[in-house]
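In this note's numbering, each residue's number is its place in the sequence shown (first place is 1) plus 594. Using N, Cα and C, we set each Cβ at its ideal position, and we do this for glycine too. Fair warning: this is a prediction, and the values are worked out from it, not measured in the lab. Beneath this line is the structure, given in structure tokens, with notes to follow.
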Amino acid sequence: MTNSPSGSRRAVVAIATRPFWRLRLAREMPRYLLCAASLAGLAASARFTLAPPRAPGRPVRPSGPAPADRAAEGYAALFARRYLTWSSAEPQASTRALEPFVGPGMEPGIGLVPPQSGEQHVGWLEVVQAREPATGQHVYTIAAQTDSSGLLYLTVGVARTAEGRLALTGYPAFVGPPASGPALSAARSQEVADPALQTVVTRALRNYLSGASGELAADLSGSARVSVPAVELTMESIERLDWSPDGRSVIALAQAQDARGTHYTLEYELDVDRAQGRWEVSAVQMDPYS
């Protein structure tokens, strides 16, 4: 509204231009939103039809060896030693030795009752197998050499409590040994034909077995990592000298004896390199720093 010179008011109309696509978009927007919501609903329905949600189940345990628990392993070995050690002259001694392992509902002495006569002691024992039936639980197979029953195999279950303490999961069990068989025959490789390499390997191995570190150093490379054995041996002969499959080392089959006259047939792998026209040894059978 504006005032005219005569004092009367007149109406003013303003005309604005807008792009036609904006007008159409504003008009069609509700329909577009409804269509989008419908498509989303259809997609969700199809997803649940093809792959319906499942209730969470047990977590998938990764395959592979169970993580080592040295404390649990030692606990199982300690139990096995006490369990397999007894004397009929002191039957209560075994019960007292096993008392720290007894749990609720278990028999005194873990059910062990020594015979009326005799005794048994453990010479040595070693954990030879381990498995993990459940998270935090271990079952160890222990080989024990006894003086009365010979070599025995015993399984012992160990777990950790909520506080982190070690405890047996039940009674032990006598079992058979892990499956084994005769030694595998290694496939023969290419024989070492280089006389210079034969000489170096023979000399180095002789000095290695005899513990002559000073003489051995003359055939070693600058980066060699070698540790001579504690027992001194006299090498009598090299029976065979072959290349390894990868061609980076030499396999030597040797005859040797110790100071008492005990004879041995030994097999060594020597890493060899050729530097400045001569052969050098960089390792013998093992790495003392690994």
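Distance from the CA of residue 873 to the CA of residue 798, rounded to the nearest whole angstrom, comes to 11 Å. The beta carbons of residue 865 and residue 843 sit closer together than 8 Å. Between the alpha carbons of residue 663 and residue 758 lies a distance of about 12 Å.
In the DSSP assignment, residue 751 falls outside any alpha helix (DSSP H) and within the unbroken beta strand (DSSP E) covering 744-754. In the three-state scheme derived from DSSP, where H, G and I count as helix and E and B as strand, residue 848 is classed as strand.
Just so you know, the alpha carbons of residue 867 and residue 749 end up roughly 47 Å apart.
At the C-beta level, residue 884 and residue 863 stay beyond 8 Å of one another. In its chain, beyond the 5 residues on either side, 713 have a beta carbon closer than 8 Å to the beta carbon of residue 683.
Excluding five sequence positions before and after residue 771, the CB atoms of its chain that fall closer than 6 Å to its own CB belong to 747, given in chain order. Of all alpha-carbon atoms in 840, 715, 742, 691, the one lying nearest the alpha-carbon of residue 705 is that of 691. Counting the other Cβ atoms within 10 Å of the Cβ of residue 834 gives fewer than 16, which makes it exposed. Looking from the CA of residue 853, the closest CA among 824, 760, 739, 745 belongs to 824. Assignment of beta-bridge partners to residue 872 by DSSP yields 869. In the DSSP assignment, residue 830 falls outside any alpha helix (DSSP H) and within the unbroken beta strand (DSSP E) covering 828-837. Residue ranges of uninterrupted alpha helix (DSSP H) with 4 or more members, entirely inside the region 665-717 and ordered along the chain, are 685-692. In the three-state DSSP reduction, residue 796 falls in the helix class (H, G or I). Spatial neighbours of residue 755 in its own chain (CB-CB distance under 7 Å, excluding positions within 5 residues in sequence) are listed in chain order as 761. Taking the Cα of residue 827 as reference, the smallest distance to any Cα among 836, 808, 850 is reached at 850. Separation of residue 830 and residue 736 (C-alpha to C-alpha, rounded to the nearest whole angstrom) is 39 Å. Leaving aside the five residues that flank residue 731 on each side, the residues in its chain whose CB is nearer than 8 Å to its CB run, in chain order, 751, 752, 753, 763.
Put simply, the backbone Cα of residue 792 is about 27 Å away from that of residue 777.
Where residue 738 is concerned, the enclosing beta strand (DSSP E) starts and stops at 731-740. Per DSSP, residue 765 has no beta-bridge partner at all. DSSP places residue 811 inside the alpha helix (DSSP H), whose first and last residues are 807-811. Looking at 722, 743, 697, 716, the one whose alpha-carbon comes closest to that of residue 667 is 722. Its Cα nearest to that of residue 697, the residue 765 stands out among 765, 796, 669.
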